[in-house]
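Going line by line, the protein sequences match chains A and B.
Numbering-wise (my numbering), the first sequence opens with residue 22 and increments by one.
Numbering-wise (my numbering), the second sequence opens with residue 765 and increments by one.
A virtual CB, placed ideally from N, CA and C, is assigned to each residue, including glycine.
Because the structure is a prediction, the values reported are computed rather than measured.
Notes for the one structure printed next.
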Amino acid sequence: MSIQPIPTQLDGPPPSEGRRLRPWSAFERVQGMLFVLPALVVLAIFLIYPAYYTIRLAFYEGDFHFGFFHYLGIQNFKELLTNDKDFLDLSKFPPSGALINNVRWVIFYISLSLLIGLGLAVLAVRVRYERAVKTAIFVPMAISATAVGIIWLFVYSPSPDMGVLNALLHAFDSGFHPVAWLGRPNLVNYALIFAYVWASVGFVMVVLSAAIKGIPAEIMEAARVDGAGEWNIFRRIMLPMLSLPLSVVTIWLFINVIKVFDIIYVMTGGGPGTSSRVIAFTMYEETFQNGRPGYGAAVAVIMLVLIAPVMVLNVRRFRSEKVVA
Amino acid sequence: MTTVEQAVPLAARTRSERLVRFITRTPIHIGLIGIAVIWLVPTVGLAVTSFRKPNNIASSGWWHALTQWDWTLHNYGSVINATGMGHAWVNSVIITVPATILPLTLGALAAFGFAWVPFPFRDTLFLIIVALMIVPIQTSLVPLLKLFAQHGHLNNNYYGIWLAHTAFGLPLAVFLLRNFFITLPKDLIEAARIDGASNLSIFRRIVVPLSVPALASFGIFQFLWVWNDLLMALIFVSDPNKQPMTVRIPYLLSTYGQEYNLLAAAAFLLMIVPLIVFFALQRYFVQGLLAGSVKT
């Protein structure tokens, strides 16, 4: 049995053209393993094994030491999806709960980020101060969610001497009463979403802007010569050519939104009441605050399930890319 | 004659064109500058607040500070000393530096193996790592905490969080670096092999020196990620004296919630490191972002 890998891929060794002066020695054949081994060991112990443990724990009632105390089958999932009003409550309209809040995040966070990011990317290339605008938009990307949280706590502050948003609205309409943006169950999620959009738009803009610059100038010129308006150029040339980067950015935003935790922890702690909880927050709350690790593990598994299609997609795309490259 | 006749309408056309251009472009300028200002205001507000005296903060909005000049550095003194944020800042550094170097080293070694040294199941293993790139931290928190508590109380020192961050940074490191290493000229590496260079010396003398931009990109990413991380530090560093800024600031918020001057100064101290890194190494950061996202 030969351990020589089959050179089907076009990238990387072994060399397909020309002959090697000497054949691969047995040592060289396994040497690659030695290079990747440390990484694989770390991944196995600290990423793969824990994921397995958590999936198993989701079917148990966990104990104080996070052990498998009592087998429950799918009881945790059943409870979460049918009997936990803080996680999913479909009994009234509009439905509520952490899962529904996360749906709100998915819809509004992704669409707003894409819309603003794409708009900026398209418009910024047309002005001379492109760099300055881009830097201003991009800076929040580098800041931690903790700092973003503090920044926006100030912006949303109901105190007229602190909250710039209330002060601004008051300046336009003197009859305006300061709103506690984070204190109202019907507003808090949107306030949080906007703060996070503020922090993420830079990424969308940078990726799309690079993609726009990659569109060959001749194509745009040809369209202009043929009398196409700017809107048509955008719709019929730019958008189709941006479909790949747009899908990549959307996936990135989606993963971000499923994992969102820090900013909620800092700004509202899931409140008022439980009205701004999301999936990741429920996981933290149930596991580390309410002492229900099995239940929390079930929430983590739900996160994993939501993200799994993206994993499959990533692997697929990577494989197909390799064939093309 | 003919040239003059032609020149006049031409000039007029350009002038009106310029006017039309100016009018159609004004909304673009207003929109762009407007959004840029909206994006800057929150950060500027925080920065200004951090330099104001508490009684000024209580009596007027930070936007008034731009006209009445009465600034102070006192907030930074108190937040660094009295609330222990200076100490937490040092903790952040202690956590971040090894948690950046470790995945960078292990990731580069593995990426070299995946790119240039054939071995059985290489592609399968690589695809598994690609898939691991987006595993949520939440699936690891409980088992790792248990593991760390059982083995040498790793949650009371920094080994646990270093290793956890290494594991979560590795998939991206391997992915980014392998994709970069593969673009290095094959002839160069083959020539070195023919000259009898070992894989390790090819890695050290050829691949690493030629890959500084990619290594820098990942290094910056990981640095920012670890520095900015709240959740892992919250779970894996239980000793308050060892916790980083991201964890201490929410505590500050719950104990000094109304002392905006302290909060603003603390948040600004937390931001300043990523901002310096970002502005100094912007080029690598954006390159890495594009490589990591567009090619994913």
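Buried/exposed call for residue i, threshold 16 Cβ in 10 Å
i	result
L174(A)	buried
I27(A)	Because the pLDDT at I27(A) is just 32, under 50, the model does not fix this residue reliably, and the value given afterwards should be weighed accordingly. Exposed.
P115(A)	exposed
N1025(B)	buried
V63(A)	buried
P34(A)	Confidence is the limiting factor: at P34(A) the pLDDT is only 43, short of 50, which leaves the residue's position unreliable, though a coordinate-based value still follows. Counting Cβ neighbours within 10 Å, P34(A) comes out buried, since at least 16 surround it.
Q914(B)	exposed
T767(B)	Because T767(B) carries a pLDDT of 41, less than 50, the predicted location of this residue cannot be relied on, and the following value inherits that uncertainty. By the neighbour-count rule (16 or more Cβ atoms within 10 Å), T767(B) is not buried but exposed.
F786(B)	exposed
G39(A)	Note that G39(A) scores a pLDDT of 42, beneath 50, so its modelled location is shaky; the value from the coordinates is reported in the next line. Exposed, since its Cβ has fewer than 16 Cβ neighbours within 10 Å.
N123(A)	buried
V784(B)	exposed
L796(B)	buried
Y73(A)	exposed
S230(A)	buried
W833(B)	exposed
S221(A)	buried
A193(A)	Per the sequence presented here, residue 193(A) reads as Phe, with Ala not at that position. By the 10 Å Cβ count, F193(A) comes out exposed.
Y92(A)	exposed
M765(B)	In this predicted model, M765(B) has a pLDDT of only 39, less than 50, meaning its place in the structure is not dependable; the value taken from the coordinates is given anyway. Exposed, since its Cβ has fewer than 16 Cβ neighbours within 10 Å.
S962(B)	exposed
E239(A)	exposed
E306(A)	buried
E954(B)	buried
N845(B)	exposed
V11(A)	Past the edges of chain A, shown from 22 to 346, lies residue 11(A), and the structure says nothing about it.
R789(B)	exposed
R257(A)	exposed
S965(B)	exposed
Proximity below 7 Å, CB of residue i to CB of residue j
i	j	result
G924(B)	F1000(B)	yes
A60(A)	L870(B)	yes
F98(A)	A301(A)	no
S881(B)	Q52(A)	Looking at the sequence provided, one finds Val at residue 881(B) rather than Ser. Closer than 7 Å, so yes.
A895(B)	M332(A)	yes
I328(A)	I898(B)	yes
P16(A)	P206(A)	This structure gives no information on residue 16(A), because the portion of chain A shown stretches from 22 to 346.
I946(B)	A956(B)	no
A142(A)	M226(A)	yes
G118(A)	D107(A)	yes
G825(B)	A188(A)	yes
W926(B)	A863(B)	yes
L260(A)	A232(A)	no
A980(B)	F944(B)	no
L208(A)	F197(A)	no
Distance between beta carbons of residue j and residue i, contact taken as under 8 Å
i	j	result
I284(A)	G138(A)	Actually they are not in contact, since the Cβ atoms of I284(A) and G138(A) sit about 18 Å apart, beyond 8 Å.
A1031(B)	A166(A)	Their Cβ separation, rounded to whole angstroms, is 11 Å, which puts A1031(B) and A166(A) out of contact at 8 Å.
T1010(B)	L1034(B)	7 Å
A1029(B)	V843(B)	4 Å
S814(B)	N839(B)	6 Å
A145(A)	E151(A)	5 Å
A216(A)	F1042(B)	A216(A) to F1042(B), Cβ: 19 Å. No contact.
L994(B)	Y177(A)	Wrong, their Cβ atoms sit about 19 Å apart, outside the cutoff.
V278(A)	W126(A)	5 Å
G294(A)	E82(A)	About 26 Å separates the two Cβ atoms, so there is no contact after all.
A997(B)	P1008(B)	5 Å
L988(B)	V228(A)	That pair is no contact at about 17 Å.
Top-ranked residue by Cα proximity to residue i, from the options
i	options	result
R313(A)	S134(A), D194(A) and H86(A)	H86(A)
T3(A)	A79(A), L136(A) and V287(A)	No answer is possible for residue 3(A): the residues shown for chain A start at 22 and end at 346.
I821(B)	G223(A), F48(A) and G184(A)	G184(A)
L120(A)	A321(A), W202(A), R337(A) and F339(A)	A321(A)
I383(A)	V1041(B), I787(B) and V805(B)	Outside the shown range of chain A, which is 22 to 346, sits residue 383(A), and nothing can be said about it.
R298(A)	V270(A), I69(A), Y150(A) and I214(A)	I214(A)
F129(A)	G315(A), P330(A), K280(A) and L274(A)	L274(A)
M849(B)	G1052(B), L1016(B) and F1042(B)	L1016(B)
L133(A)	F193(A), A212(A), H191(A) and L189(A)	A212(A)
F67(A)	G1021(B), K910(B), N920(B) and A980(B)	K910(B)
I865(B)	H793(B), Y1020(B) and T930(B)	T930(B)
A153(A)	A800(B), W827(B) and V861(B)	A800(B)
Y70(A)	I901(B), P973(B) and L936(B)	I901(B)
I792(B)	F56(A), I276(A), L135(A) and E251(A)	E251(A)
Residues bridged to residue i (per DSSP)
i	result
E82(A)	H91(A)
S842(B)	Paired residue(s): none; S842(B) is not in a bridge.
W835(B)	R816(B)
D110(A)	S117(A)
Cβ-heavy atom distance, residue i to the ligand NAD, below 6 Å
i	result
R942(B)	Absence of the ligand NAD is noted for the structure shown, with no ligands found whatsoever.
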